[in-house]
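Asks: Pasting a structure below so you can have a look.
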Amino acid sequence: METTELTVDRLANLNTGESGVITKVLGHGAFRKRITEMGFVKGKKVRVIKNAPLQDPVEYEIMGYNVSLRRSEANLIDVLSGAEADSQKLNGFNGIISDNVLKKTAHEKSKTINVALVGNPNCGKTSFFNQASGSHERVGNYGGVTIDAKMARMRQDGYLINITDLPGTYSITEYTPEELYVRSHIMERMPDVVVNVVDASNLERNLFLTTQLIDMNIKVVIALNMYDELEKKGARLKFRELGEMLGIPIIPTVAVKGQGIKNLMRKVIDVYEDRDPIVRYVNINYGHDIEKSIDILRKELDKDERLIDKYSSRYLSVKLLENDRTTLSMLKNRDNFDRINELTNREIARLEKAFGESSETVITDAKYGFVAGALNETYVESRERKRKRSKEIDYFITHKILGFPIFLFAMWLMFQATFTLGNYPMEWIDAGVGYIGDFVGSHMAAGPLKDLLVDGVIGGVGGVIVFLPNILILFFFISFMEDTGYMARVSFIMDRLMHKIGLHGKSFIPLIMGFGCNVPAVMATRTLENRKDRILTMMITPFMSCSARLPVYVLIISAFFPKNQGMVLFSIYMIGIIMAIVVALVLKNTVFRKSVVPFVMELPPYRMPTLRNTSIHMWHKGVQYLKKMGGVILVASILIWALSYFPRNVDYSQNYDASIAQVENSTSLGEAQKQHQVSQLEMAKASEHQEQSYIGRMGHALAPVLKPLGFDWKIGVSILTGLAAKEIVVSTMGILYQAQDEGNSGTLVQKLQQQRHTTGKLKGQKVFTPLVAFGFMLFILIYFPCVAVIAAIKKESNWKWAVFSMVYTTGIAWLVAFATYQIGSLFV
Ligand code: GDP
Ligand code: MG
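Position one of the sequence shown corresponds to residue 142 (this note's numbering), numbered consecutively onward.
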C-alpha cells in the first residue's frame with residue numbers, strides 16, 4: 142500500500158470539505174469535559190462543513206450531527222488529516238483518504254504523549270529525566286543547573302513519550318525567568334501530562350507548587366521522589382490516600398536508581414487515556430472571603446468564552462487576586478479588560494483591608510493551609526520530630542481526644558455568651574418595644590387599625606426584633622471562629638467522626654454554617670463533589686439549629702428554665718447534632734450506601750482576625766436579619782393577626798357584654814371587686830373570640846395531633862406559622878398569648894408562665910410545664926426547616942428530596958416531642 146502524507150494539525154486549520162480524525166483534545170479539564178460531551182473525542186472523524194477565514198463559529202459534522210465550534214475551541218483540538226493534493230494522487234477516492242487508513246494512523250498518532258517535568262530545584266527532575274530517557278544530562282545538587290528545557294523521548298507499552306525537563310521552581314508565579322518559562326510552557330505548549338516531581342523529604346514546600354498545578358486544572362501525575370530518604374527518616378506517607386485527596390495519582394520513585402519510573406510512566410499513560418479512577422479536579426478552598434472575590438472575577442471572565450476555552454477562569458481569578466502582572470497584561474486586549482481590572486483592584490483592596498495583609502500572602506497562606514491539612518492526615522512523622530511539634534497549638538486542638546472537649550467548651554462558651562451578654566441589650570429593646578406599643582395604644586382611637594398596629598405589627602415584629610442582639614452575638618462567635626482558623630480545625634477533628642456517618646470533615650463546614658442559617662448552608666454543599674455527599678449533608682443540615690430558631694429557645698428558656706439557661710440551650714443544639722448523626726447513619730445504611738471519597742481539609746494558619754472583618758461579617762448577617770424582619774415576618778405577623786382578629790362576629794357561649802354590664806351596675810359589689818370581675822369577663826371573652834377566629838379554628842383542627850405532645854392549640858398555630866420562617870413562631874406567640882388580656886401589661890415571658898389550657902381534659906392547668914416547654918423546643922428544632930430552606934434543597938437537588946425532607950423532619954419532630962412528653966410525664 143502507498144504511504145499517504147498524513148499530518149497532525151489543529152482542527153481550526155482544516156478547510157471547508159476536509160475531514161480529519163481527532164487525536165487529542167488539549168486545554169484545561171473543564172474545557173476538555175465540555176468538548177468531549179459534545180462528541181469530540183479521540184478517534185472520531187470530523188468534517189468541516191463551512192470554514193471561512195473570518196467566520197466564527199465554524200461548522201462541523203461529527204457522528205452524523207452538525208455542530209458549530211468557536212475557532213478558539215477548534216484550535217485546541219488536534220486532528221490527523223491528509224493534504225488534499227497528496228491524497229488525490231495516492232488513492233483514487235475523490236480526494237478523500239479511506240477512513241480505515243485515517244483512523245489507524247490517528248490511533249497511532251494519538252499514542253504520542255507530551256510530558257513535562259515540573260518541580261522544585263533539586264527534587265531530582267534531571268535524575269529522573271536521565272533515567273527515563275537514557276540520556277546523560279549533568280546531574281547537580283545545586284539550583285539552576287537546568288537552565289533551558291531539555292527534550293528526550295522514550296517508548297513504553299506502545300506509546301511514544303516525549304519528556305521535557307523544565308527548570309526547577311518553587312512556584313509558578315512570575316518572580317524569576319525560570320518561573321515564567323515553566324508557566325508559559327504549561328499554558329501555551331500544553332503538555333498532555335505534567336509530571337510533578339516532589340521531594341518526599343520536604344513535602345510541605347514541594348506540594349505548594351502542586352497546589353498551583355491543581356488550580357490550573359491540568360493532567361498531573363506526582364512522582365514522589367527521594368522516597369528512599371523518607372523511609373530512612375523513619376517517616377511514613379500514606380501516598381495513596383494523599384493522591385485520592387488531591388485527585389492526582391502519586392507514585393513513589395527513587396530517581397537516581399531508576400526505581401519507580403516504569404510505574405510512573407504507566408500511570409502517565411493511564412491518566413493520558415482518562416482511565417485513572419482517582420483523577421478529578423479538586424477545588425482548593427480559599428475561605429469565604431477569597432472565594433467570594435474569585436466568584437466575582439470568574440463571572441466577569443466567563444463572559445469571554447474564547448478566553449476560558451484556553452484558561453480555567455478559576456485559575457485566572459486566583460492569579461488576578463494574587464496581583465499577578467503577567468495575567469493582567471495577558472488580558473489587556475480583552476473587551477472587558479477595564480471591568481476586569483477594576484474588579485480586581487476592588488477585590489484586592491477589600492481582601493487587604495479585611496486581612497491586613499497583601500492578598501498574595503493571604504492566598505499563599507491558604508495554599509499552605511491546604512497542604513498542611515492534606516499532610517496532617519497522611520504524613521506520619523518519625524517519633525522524635527513529633528515530640529518537637531507537640532508544643533504547637535495544633536497538637537492540642539486537632540488532638541484525637543483533647544480536641545473534642547476543647548470544641549465542646551468553645552461551643553458552650555458561645556451559647557453562654559449569647560445569653561449573658563445578650564441579656565442587657567435585649568432588655569433595652571424590649572422596653573423600647575413596650576414603650577412604643579403603649580404610646581401608640583394610648584394615642585390612637587380604638588378600632589381595627591389600632592389593634593393591627595399594636596397587636597399585629599408591634600407585637601409580632603417587636604417580639605422578634607428583641608432577639609437581634611443574641612443573633613449578632615452568635616454570628617460574632619461563628620465569624621470569629623472562621624476567621625481565626627479554628628473552624629477549619631473543628632472540621633478536621635470531626636473528620637474521623639464524619640467518616641463514621643458516611644461523610645467526611647468537609648461536610649462539617651456547611652453543617653456549622655447551618656447554625657447561622659440553613660439556607661446558605663444548603664448552598665454551601667455545592668463545594669462537595671460527590672452527589673450523595675451533597676444530598677446526605679443537605680438532609681441533615683436542618684438539624685443544625687439556625688439562628689431563626691434561637692428566639693424561640695431564648696423566649697422559652699427565659700420563661701421556664703431560668704436556672705440553667707446556657708446549659709439548656711447547649712443541650713438543644715447538641716440534641717440537634719445527635720439527631721443529625723442518627724439520621725445520617727440511617728440514610729448511610731439505606732439510601733446512600735457508598736464508599737467515601739477522601740478530601741483535603743485545609744489547615745490555614747492561625748490568624749488573629751481584625752475586629753473590623755469580624756464585625757463586617759456580623760453586621761452583614763444582622764442586616765439580613767433585619768431585612769427578613771421587614772419582609773416576611775411583617776407580612777406574616779399581619780396575616781396572623783388578621784386571622785386571629787376575624788371574623789369579628791362570633792357566637793359566644795354566654796352574653797359577656799350583658800354580664801359585664803350587670804357587674805358594672807351592681808350595687809352589692811365594691812369598686813375593686815367590680816374591676817376584677819370585669820377584667821375576668823373581658824379576658825374570657827377575648828379568649829373565646831380568639832378560639833373561634835380563623836386561626837383558632839385552624840389550631841383546633843390541629844389539636845388532636847398535638848394533644849399527645851401536651852401542646853395546646855396556640856402552640857399548634859405557632860408551629861403552623863413557623864413553616865414560613867421560624868422567627869414567626871415567636872411573633873405568633875406574641876400575638877396569640879399577648880392579645881388575650883389587654884390592659885394588663887406584662888412581658889410575653891410572664892404571659893407564657895401564666896398560660897392555662899382553655900379546653901379539653903387539661904382545662905385550667907398550666908400549658909407550659911418545663912416538660913412541655915422542652916418538648917416544644919425540640920419540635921421547633923426538628924420539624925420542617927422553613928420554606929426558604931426547602932426551596933434551597935429543591936434547587937440543589939430535586940423535588941423528591943425537598944418533599945422528603947419536609948415529611949421526615951416533621952415526622953421525627955412529632956415522635957421526639959411525643960417521647961419527651963410521654964416518657965417525661967412518668968418521672969415528673
Ligand atoms: P533537579 O534539580 O530537580 O534536576 O535535581 P537533580 O536531578 O539534579 O538531583 C539533585 C540531587 O538529588 C542529586 O544529588 C541527585 O543525586 C539527588 N537525587 C535525585 N533523586 C534522588 C532520589 O530518589 N533519592 C536520593 N537519595 N537522591 C536523589
Ligand atoms: Mg535539574
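Each residue gets a CB set at the ideal place from its N, CA and C atoms; glycine is no exception.
1) Taking only runs that begin and end inside the region 295-352, name each unbroken beta strand (DSSP E) of 3 or more residues, in chain order.
2) Under the three-state reduction of DSSP, which class applies to Asn282: helix, strand or coil?
3) Does the Cβ of Pro262 lie closer than 8 Å to at least one heavy atom of the ligand GDP?
4) Just to confirm, are Lys826 and Tyr793 a CB contact at a threshold of 9 Å?
5) Would you kindly check if the distance between the Cβ of Val741 and the Cβ of Leu387 is under 9 Å?
6) Going by DSSP in three states, Ala257 sits in which element: helix, strand or coil?
7) Under 8 Å: does the beta carbon of Glu370 sit that close to some heavy atom of the ligand GDP?
8) Could you give the DSSP three-state label for Pro999: helix, strand or coil?
9) Grouping DSSP H, G and I as helix and E and B as strand, with all else coil, what is Val776?
10) Tell me the DSSP bridge mates of Leu365?
11) On the DSSP bridge list, what partners appear for Tyr206?
12) Which whole runs of the alpha helix (DSSP H) in the region 867-946 are 4 residues long or more, in chain order?
13) Quick check: does the Cβ of Gly275 come within less than 8 Å of any heavy atom belonging to the ligand GDP?
14) Can you tell me whether Gly233 is helix, strand or coil according to DSSP?
15) Evaluate Gly285 with the Cβ neighbour count: other Cβ atoms within 10 Å of its Cβ, from every protein chain shown; 16 or more gives buried, anything less gives exposed.
16) Return yes when the C-beta of Val944 is under 8 Å from any heavy atom of the ligand GDP, and no when it is not.
17) Below 9 Å between beta carbons: does that hold for Ala341 and Leu307?
18) Using only the alpha-carbon positions, how far apart do Ile431 and Arg455 sit?
19) What are the residues that DSSP puts in a beta bridge with Ser160?
20) Going by DSSP in three states, Thr148 sits in which element: helix, strand or coil?
21) Measuring straight from C-alpha to C-alpha, what distance separates Leu919 and Ala954?
22) In the DSSP assignment, the alpha helix (DSSP H) including Asp592 goes from what residue to what residue?
23) What span of residues does the beta strand (DSSP E) with Leu221 cover, start to end?
24) Any idea if Val724 is buried or exposed, counting beta-carbon neighbours within 10 angstroms, 16 or more meaning buried?
25) For a quick check, are the C-beta atoms of Thr561 and Gly707 less than 9 Å apart?
26) Whole angstroms is fine: what's the gap from Glu823's alpha carbon to Ser872's?
27) Below 8 Å, is the gap between the Cβ of Met759 and the nearest heavy atom of the ligand GDP?
28) Is the beta carbon of Leu691 closer than 9 Å to that of Thr502?
29) Could you tell me if Asp479 is buried or exposed, where buried requires 16 or more neighbouring beta carbons within 10 angstroms of its beta carbon?
30) Give the secondary structure of Gln821 by DSSP, where H, G and I count as helix, E and B as strand, and everything else as coil.
31) Counting pairs of Cβ atoms below 8 Å between the region 653-667 and the region 696-706, do you hit three or more?
32) Should Asp450 and Leu217 be called a contact, given that it needs their Cβ atoms to be closer than 9 Å?
33) What number of angstroms, rounded off, separates the C-alpha of Arg491 from the C-alpha of Lys460?
34) Express the C-alpha separation of Ser160 and Gly236 in angstroms, rounding to a whole number.
35) Along the chain, where does the alpha helix (DSSP H) that runs through Glu414 open and close?
36) Might you give, ordered along the chain, the residues of its own chain that have their beta carbon closer than 6 Å to the beta carbon of Ser834, omitting 5 neighbours on each side?
Replies: Walking through what the data contain:
1) Qualifying beta strand (DSSP E) stretches, in chain order: 300-306, 334-340.
2) With a pLDDT of only 44 at Asn282, under 50, the local geometry of the prediction cannot be trusted, and no value is derived from it.
3) The answer is yes for Pro262.
4) Remark: C-beta atoms of Lys826 and Tyr793 approach each other more closely than 9 Å.
5) Taking 9 Å as the cut-off, the beta carbon of Leu387 is found closer than this to the beta carbon of Val741.
6) For Ala257, the three-state secondary structure derived from DSSP is strand.
7) Yes.
8) Past the boundaries of the shown model lies residue 999; the chain is included only from 142 to 969, so the question cannot be answered.
9) The three-state reading of DSSP puts Val776 in helix, counting H, G and I together.
10) Its beta-bridge partners are Val339, Pro393.
11) The partner list for Tyr206 (beta bridge, DSSP) reads Ile203.
12) Correct list: 868-879, 889-895, 911-923, 928-937.
13) No; taking the cut-off as 8 Å, the Cβ of Gly275 has no heavy atom of the ligand GDP nearer than that.
14) Model confidence at Gly233 stands at a pLDDT of 42, short of 50, so the residue's coordinates are unreliable; what they give is reported in the following sentence. Note: Gly233 maps to coil in three-state DSSP.
15) Any reading at Gly285 needs caution, since the residue's pLDDT is 45, under 50, leaving its predicted position unreliable; the model's value is listed next. Label assigned to Gly285: exposed.
16) No, the ligand GDP has no heavy atom inside 8 Å of this Cβ.
17) Cβ atoms of Ala341 and Leu307: not closer than 9 Å.
18) Looking at the two C-alpha atoms, the distance is approximately 12 Å.
19) The partner list for Ser160 (beta bridge, DSSP) reads Arg188.
20) In the structure shown, Thr148 sits in a strand (DSSP, three-state: E or B).
21) Approximately 7 Å, taken between the alpha carbons.
22) Judged by DSSP secondary structure, Asp592 falls within the alpha helix (DSSP H) whose first and last residues are 589-592.
23) Counting along the chain, the beta strand (DSSP E) containing Leu221 begins and ends at 218-223.
24) Here Val724 is buried: its Cβ has 16 or more other Cβ atoms, across all protein chains shown, within 10 Å.
25) Contact annotation: Thr561 and Gly707 have beta-carbon atoms nearer than 9 Å.
26) Computed Cα separation, rounded: 23 Å.
27) False, no ligand heavy atom lies under 8 Å from that Cβ.
28) Against a cut-off of 9 Å, the Cβ pair of Leu691 and Thr502 comes out as no contact.
29) It counts as exposed.
30) The DSSP-derived three-state label of Gln821 is helix.
31) Cβ pair count under 8 Å is below three, so no.
32) Cβ atoms of Asp450 and Leu217: closer than 9 Å.
33) Straight-line Cα distance between these residues: approximately 16 Å.
34) With a pLDDT of 47 at Gly236, under the threshold of 50, the modelled position of this residue cannot be trusted; read the value that follows with caution. Put simply, the backbone Cα of Gly236 is about 11 Å away from that of Ser160.
35) Where Glu414 is concerned, there is no enclosing alpha helix (DSSP H), given that its DSSP letter is neither H nor E.
36) Once the five neighbours on either side are set aside, the close Cβ partners of Ser834 are Ser785.
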